[in-house]
Amino acid sequence: MFLEQFISYIKYEKRYSLHTVAAYESDLAQFYTFLNHPEVVIHHPSEVTHHHIRNWMVELMNADITGRSINRKIATLRKYFKFLLQGQHITATPTARVQTPKASKQLPVVVDEEKLSRLLDNNDIFSEDFAGVRDKLIIELLFGTGMRLAELLGIIDADIDTYEGTVKVLGKRNKQRIIPLNKELKQLLLKYSTLKKNEIFANNSLKLIVTNKGADAYPKMVYLIVQKYLNYISTQNKKSPHVLRHTFATSLLNKGADLNAIKDLLGHASLSATQVYTHNSVERLKSIYKQAHPKAN
Numbered sequence: 001m002f003l004e005q006f007i008s009y010i011k012y013e014k015r016y017s018l019h020t021v022a023a024y025e026s027d028l029a030q031f032y033t034f035l036n037h038p039e040v041v042i043h044h045p046s047e048v049t050h051h052h053i054r055n056w057m058v059e060l061m062n063a064d065i066t067g068r069s070i071n072r073k074i075a076t077l078r079k080y081f082k083f084l085l086q087g088q089h090i091t092a093t094p095t096a097r098v099q100t101p102k103a104s105k106q107l108p109v110v111v112d113e114e115k116l117s118r119l120l121d122n123n124d125i126f127s128e129d130f131a132g133v134r135d136k137l138i139i140e141l142l143f144g145t146g147m148r149l150a151e152l153l154g155i156i157d158a159d160i161d162t163y164e165g166t167v168k169v170l171g172k173r174n175k176q177r178i179i180p181l182n183k184e185l186k187q188l189l190l191k192y193s194t195l196k197k198n199e200i201f202a203n204n205s206l207k208l209i210v211t212n213k214g215a216d217a218y219p220k221m222v223y224l225i226v227q228k229y230l231n232y233i234s235t236q237n238k239k240s241p242h243v244l245r246h247t248f249a250t251s252l253l254n255k256g257a258d259l260n261a262i263k264d265l266l267g268h269a270s271l272s273a274t275q276v277y278t279h280n281s282v283e284r285l286k287s288i289y290k291q292a293h294p295k296a297n
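Take a look at the structure:
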């Protein structure tokens, strides 16, 4: 009952994205599965103690779950028990005495910008039919704007302004922002729009990105499209929409863009989230120094 109330709260009152809601549901389901262990009998959230949470953390660590993932799961519990506390279902939150593990800082994974540009310029890779142009548009939008997957899936046709050369996206915490479009993206959007209007779909979605049948595009579809085309240029394991977002930000930084401007384009709430890209930039400078300076070695 409490889980359903909480999920309804973050979905309808807080208006979290579907991706975020799914992550919260998954984390809480994992925690309650742990609590349903024969040796642990919990009938009410008020019976959960910090010992239960710590024991769960140990189990996660033994399963080689990363510190970053564990921190996210504990953050979910903090939000959940805070909700129960505010609703007076519990008198104290068990997360207050829980310390999370230090998460190692991971550098954002990117793809080679030049190879990606050549891929997008290769007319033999993307077909000229609706599906081919849509696939190319997905890659171009993710790389050309740095938007998140959920933001891409949320765009409707009316959010595109080809005259002004902008796209309106709804980011985290329902914050709206305007992202500029480059010339090639504007032309591709016009081409896609024409093909889309000429298609006879079984469904008629208002969303910009749709399936071959005209229904709303979904996360797995976009993942598979991104992986398919990044396989042409990269052998790295991680080939996701977020890799293209990282590549967008790193590319801007390497070309001298202001960090605050990148923050605004990405829709970050704080500059600290954007500063992770400076590490990639520093590593690039080190590499150039080692190759070019006579005293480097």
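Going letter by letter, the sequence shown gives residues 1 to 297 in the UniProt record's numbering.
For each residue, glycine too, the CB sits at the ideal point set by N, CA and C.
Remember, it's a predicted structure, so these values are computed and weren't measured experimentally.
Can you check DSSP and say which residues form a bridge with residue 362? Look at the range of the chain in this structure, 1 to 297, and you will see that residue 362 is not part of it.
Are there three or more Cβ pairs, one per stretch, closer than 8 Å when the segment 236-245 is compared with the segment 142-152? Verdict: yes, contact present.
Judging by CA-CA distance, which residue of L230, Q176, R78 and N260 is the nearest neighbour of D112? Here the closest residue by C-alpha is L230.
For R72, report the span of its alpha helix (DSSP H) as first-last. DSSP places R72 inside the alpha helix (DSSP H), whose first and last residues are G67 to Q86.
Taking DSSP's pairing of strands, which residues face residue 298 in a bridge? Because the chain here runs from 1 to 297, residue 298 falls outside it and cannot be looked at.
Beta-carbon spacing of T278, L253 below 8 Å: Result yes, Cβ atoms of T278 and L253 sit closer than 8 Å.
Have a look at R54, Q187, V167 and Y218 and flag the residue whose alpha-carbon is nearest the alpha-carbon of L265. For L265, the nearest C-alpha among the options comes from V167.
Simplified DSSP state of D112, which is helix, strand or coil: DSSP, reduced to helix, strand and coil, places D112 outside both helices and strands of the structure shown, so it counts as coil.
Can you tell me whether H37 is buried or exposed, with buried defined as 16 or more other CB within 10 angstroms of its CB? Around the beta-carbon of H37, fewer than 16 other beta-carbon atoms lie within 10 Å, marking it exposed.
Mapping the DSSP letters down to three states, classify D216 as helix, strand or coil. In the structure shown, D216 falls within a strand segment according to DSSP collapsed to helix, strand and coil.
Where does D258 fall in DSSP's three states? Reduced to three states, the DSSP call for D258 is coil.
Taking the straight line between their C-alpha atoms, what separation do you get for M221 and S205? In a straight line, the C-alpha of M221 is about 16 Å away from that of S205.
Given a threshold of 16 other Cβ atoms within 10 Å of its Cβ, counted over all protein chains shown, does V58 qualify as buried or as exposed? That one is exposed.
Using the C-alpha atoms, what's the distance from K196 back to K213? Cα to Cα, K213 sits roughly 11 Å from K196.
Is any heavy atom in the ligand ATP found nearer than 7 Å to the beta carbon of Q86? The ligand ATP is not among the ligands present in this structure, which contains no ligands whatsoever.
Kindly indicate which three-state DSSP category D161 falls into: helix, strand or coil? Residue state, collapsed to three classes: strand.
On the three-state DSSP scale, how would you describe E4? Note: E4 maps to helix in three-state DSSP.
Can you have a look at T235 and say buried or exposed, based on whether 16 or more other CB atoms are within 10 angstroms of its CB? Classification of T235: exposed, given that the 10 Å Cβ count is below 16.
Residue nearest to Q106 in terms of C-alpha spacing, selected from G67, T76, L208 and I138: Looking at G67, T76, L208 and I138, the one whose alpha-carbon comes closest to that of Q106 is G67.
Are there 16 or more other CB atoms within 10 angstroms of the CB of D27, so buried, or fewer, so exposed? That one is buried.
Of all the options N174, S193 and D161, which has the alpha carbon lying nearest to the alpha carbon of T20? That would be N174, whose Cα lies nearest to the Cα of T20.
Would you kindly check if the distance between the Cβ of L137 and the Cβ of Y192 is under 8 Å? Contact flag set, yes.
Leaving out five residues on either side along the sequence, give the residues of the same chain with a beta carbon under 7 Å from the beta carbon of T211. Beyond the five residues adjoining it in sequence on each side, T211 comes within less than 7 Å, by CB distance, of A217 and M221 in the same chain, given in chain order.
From the DSSP output, in three-state form, read off N237 for me. Three-state DSSP puts N237 in coil, outside helix and strand.
Can you grab the Cα-Cα spacing for the pair R148 / G171, in whole Å? Between R148 and G171, the C-alpha separation is close to 8 Å.
In chain order, what residues of the same chain lie with their CB nearer than 7 Å to the CB of N179, ignoring the 5 residues before and after it? Looking at the sequence itself, residue 179 is Ile, so the reference to Asn does not match. So the qualifying residues of the chain are T145, M147, T166, V167, V169 and L265.
Go through its chain and collect everything with a Cβ distance to L119's Cβ below 7 Å, but skip five positions before and after it. The answer, listed in chain order, is I125, Y229, Y232 and I233.
If I follow the unbroken alpha helix (DSSP H) through V98, where does it start and stop? Where V98 is concerned, there is no enclosing alpha helix (DSSP H), given that its DSSP letter is neither H nor E.
When burial is assigned at 16 or more other CB atoms within 10 Å of the CB, is E4 buried or exposed? When all chains shown are included, E4 counts as exposed.
Where does F187 sit, in a helix, a strand or coil, going by DSSP? For clarity, residue 187 is Gln in the given sequence; the question names Phe instead. Correct three-state label for Q187: helix.
Would you mind sorting H51 into buried or exposed? The rule is 16 or more other CB atoms within 10 Å of its CB. Classification for H51: exposed.
Where do the ends of the alpha helix (DSSP H) carrying K136 lie? For K136, the enclosing alpha helix (DSSP H) covers residues F130 to T145.
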